[in-house]
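Read the structure below first, then the notes.
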Amino acid sequence: MKRYLLLLTALFTVHISAYAKDYRKEIDSALTTFSKQGKFNGSALVTQYGSMILEKGYGYKDLKQKTLNDSNTIYQIGSVTKTFTSTMILMLQEQGKLSVKDKLSKYYPDFPEGNDITVENLLAHTSGIFNYTEDSAFMAKEAFRHHSKTEMMQYFKDHAIQFAPGSKFGYSNSNYSILGYIIEDVTGKTYFSALREMILEPLGMKHTGCNFAGLKDKNKATGYYAIDGSRGMIAPKVDSSVSFAAGCIYTTVGDLNKWAVAMLHNQLITKADWQIATTINQENYGYGWMIGDNYGRVSIGHNGGVHGFIANLFMTPDDASVIVLLSNDMGNDLAAIRRTISAIINDKEYQLPAGHKEIMMATKQLQEYAGNYELAPGFVMKVFMDGNNLMGQLPGQNAFQLYPSAQNEFFLKVAEAELRFLRDKNNKVERVLLKQNGRAIPGVRK
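The sequence shown maps to residues 0 to 445 in numbering that gives the first Met the number 0.
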């Protein structure tokens with residue numbers, strides 16, 4: 000049903016409040032559907048026109064303890080941290096303590112090509128500095144132990160500049176770690192102390208911090224690489240000295256809403272600086288903010304991910320809508336969920352995932368599908384039995400359970416994917432089709 004905004008101010012609040020209740024029921028139903036299908040395990044918050052529509056948790060905070068997520072659950076937010084770091088830089092600029100036009104060499108004279116790299120390049124990901132999270136060896140061996148500023152800066156210096164500073168966009172977490180070190184140099188405080196004094200305390204963000212590994216709080220979520228029914232693969236905790244100003248923050252949906260409201264109302268930086276920060280520099284990125292389109296309106300926010308957690312925060316200034324999605328299951332697709340919520344509060348059509356109905360299949364039948372299937376030259380998917388369960392495993396990844404939905408057809412719960420097995424004229428399984436993201440990849444049984 001089309002909804003019309005009332006022009007009379009006296010009736011405006013009543014109108015929004017009344018429809019917010021409708022939206023809440025619809026959004027809750029959608030999120031419940033995602034949750035029941037294993038596609039959302041986390042907490043959500045939605046506001047519009049300054050009114051709270053929904054603030055609720057779905058799924059498990061900790062599978063072993065059987066504790067449930069709620070609006071107080073604490074999650075890591077990964078790269079959403081960058082929105083805080085960039086704002087602190089602009090606050091310090093407004094205080095006359097630095098400039099985005101400063102050369103990196105002003106703070107680190109021996110940094111390679113530091114005379115050509117500016118603070119603005121770091122903010123906008125146009126510095127050309129190597130992204131340390133792309134170093135799989137480093138992330139596998141070093142991400143879980145403490146590293147000093149000296150160690151991390153030396154690591155950045157030891158890697159060649161990837162392109163001429165300012166010439167193009169290249170997302171790099173290293174940029175924001177360096178910005179964090181600059182904040183420490185300028186303020187004479189640790190990054191977290193500066194964050195607490197400049198942002199968290201003024202905004203009353205009492206459930207937000209940086210050292211997640213050391214956090215002792217009953218609301219702290221356990222992070223999982225994937226949740227498969229009642230089972231979950233627990234992810235190790237990245238040390239905050241590694242994620243640092245690029246991704247160390249933990250928080251709740253309520254605290255993130257306070258953050259979004261503060262930015263929308265220019266409580267921390269001037270309107271002029273907010274405009275600059277949220278203007279596209281290159282590749283739909285400003286200063287620590289992603290800029291997109293939401294049904295013809297500008298959408299501003301950021302997504303994030305760190306071992307065991309993913310996050311999505313986006314707001315639309317035109318209608319003061321805020322959507323916060325935090326999850327402790329890395330297998331979730333928060334962007335798809337956010338698009339569904341956005342469609343609901345904008346009265347647009349949307350389609351919920353159809354889901355799959357699991358059927359019973361005898362162990363002897365399941366065994367027929369076991370084998371190795373080559374999806375690409377040298378890229379083989381293993382399908383095997385684990386007890387009475389049929390499992391699949393791709394090279395370099397963890398095994399996942401295959402759930403039968405029909406004869407020769409299976410689905411996954413850890414990802415939006417399906418497998419369809421094909422038989423030869425003798426009824427022997429000889430091929431497979433892996434369907435994911437609109438693509439069908441054939442595989443031949445070896």
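Glycine included, every Cβ here is placed at the ideal spot set by N, Cα and C.
This one's a predicted model, so the numbers in the text were calculated from it and none came from an experiment.
Nonlocal neighbours in the same chain, by C-beta distance under 6 Å from residue i, ignoring five residues either side
i	result
residue 432	419, 439 and 441
residue 315	293, 296 and 298
residue 416	435
residue 20	In this predicted model, residue 20 has a pLDDT of only 48, less than 50, meaning its place in the structure is not dependable; the value taken from the coordinates is given anyway. Result list for residue 20: empty, nothing under 6 Å.
residue 243	176 and 179
residue 322	45, 313, 337 and 340
residue 369	382, 383 and 384
residue 97	91 and 185
Burial state of residue i (16 or more Cβ within 10 Å)
i	result
residue 356	exposed
residue 238	buried
residue 346	exposed
residue 445	exposed
residue 334	exposed
residue 351	exposed
residue 271	exposed
residue 274	exposed
residue 280	buried
residue 116	buried
residue 166	exposed
residue 78	buried
residue 327	buried
residue 410	buried
First and last residue of the uninterrupted beta strand (DSSP E) at residue i
i	result
residue 47	41 to 47
residue 220	Unbroken run through residue 220: none, as it is neither H nor E.
residue 51	50 to 57
residue 298	296 to 305
residue 388	388 to 392
residue 380	378 to 385
residue 442	438 to 444
residue 289	289 to 293
residue 231	230 to 233
residue 409	408 to 410
Bounding residues of the alpha helix (DSSP H) (the contiguous stretch that carries residue i)
i	result
residue 373	No alpha helix (DSSP H) contains residue 373, which is instead part of the beta strand (DSSP E) from 370 to 375.
residue 505	Coverage of the chain is limited to positions 0 through 445, which leaves residue 505 absent and any answer about it impossible.
residue 243	239 to 246
residue 402	From DSSP, residue 402 is part of no alpha helix (DSSP H) but of the beta strand (DSSP E) over 399 to 405.
residue 275	270 to 276
residue 431	Residue 431 -> not in any alpha helix (DSSP H); beta strand (DSSP E) instead, spanning 428 to 435.
residue 416	It is not in any alpha helix (DSSP H) - residue 416 instead sits in the beta strand (DSSP E) that spans 416 to 422.
residue 25	8 to 35
residue 263	252 to 263
residue 469	Outside the displayed span of the chain (0 to 445) sits residue 469, for which this structure offers no information.
residue 137	135 to 140
residue 363	362 to 366
Sequence-distant residues of the same chain with beta carbon closer than 7 Å to residue i, five excluded per side
i	result
residue 174	121, 124, 126 and 128
residue 374	380, 433, 440 and 442
residue 267	86, 90, 198 and 261
residue 132	138 and 172
residue 82	287, 288 and 301
residue 168	124, 125, 281, 282 and 284
residue 111	156 and 160
Neighbourhood of residue i by C-beta, 8 Å cutoff - its chain only, sequence neighbours within 5 removed
i	result
residue 233	221, 222, 223, 224 and 307
residue 52	19, 22, 23, 26, 45, 46 and 344
residue 253	44, 54, 70, 71 and 206
residue 204	198, 250, 254, 257 and 258
residue 283	289, 290 and 291
residue 31	57
residue 397	224, 225 and 232
Check: residue i C-beta below 8 Å from any heavy atom of the ligand ZN
i	result
residue 222	Among the ligands in the structure shown, none appear at all, so the ligand ZN cannot be discussed.
Chain D contact for residue i (CB, 9 Å cutoff)
i	result
residue 260	Of the protein chains in this structure there is only one, and it is not chain D.
Check: If you pair each beta-carbon of the segment 184 to 204 with each one of the segment 142 to 156, do three or more pairs fall below 8 Å?
Finding: The segment 184 to 204, when compared against the segment 142 to 156, does not touch it at the 8 Å Cβ threshold.
Next item on the list: Could you pull out every unbroken alpha helix (DSSP H) segment of at least 4 residues lying fully inside the segment 147 to 171, listed in chain order?
Entry: The segment 147 to 171 contains these whole alpha helix (DSSP H) runs: 148 to 157.
Checklist line | 3-residue-minimum beta strand (DSSP E) runs that sit fully inside the segment 316 to 352, ordered along the chain | finding: If we require 3 residues or more, the beta strand (DSSP E) runs fully inside the segment 316 to 352 come out as 320 to 326.
Checklist line | At least 3 beta-carbon pairs within less than 8 Å: the segment 257 to 268 vs the segment 211 to 218 | finding: Short answer: they don't touch.
Next item on the list: Identify every run of the alpha helix (DSSP H) within the segment 68 to 105, keeping only runs that are complete inside it and at least 4 residues long; order them along the chain.
Entry: Complete alpha helix (DSSP H) runs here, min 4: 80 to 93.
Check: For the segment 43 to 50 against the segment 190 to 207, are there 3 or more C-beta pairs whose distance is under 8 Å?
Finding: No, the segment 43 to 50 is not in contact with the segment 190 to 207.
Note to self: Closer than 8 Å is the cut-off here; do at least three beta carbon pairs connect the segment 73 to 87 with the segment 97 to 107?
What the structure shows: Taking a cut-off of 8 Å for Cβ pairs, the segment 73 to 87 and the segment 97 to 107 do not touch, as fewer than three such pairs fall below it.
Check: Using 8 Å as the Cβ pair cut-off and three pairs as the minimum, do the segment 153 to 169 and the segment 58 to 74 touch?
Finding: Inter-segment contact for the segment 153 to 169 and the segment 58 to 74 is absent: fewer than three beta-carbon pairs are separated by less than 8 Å.
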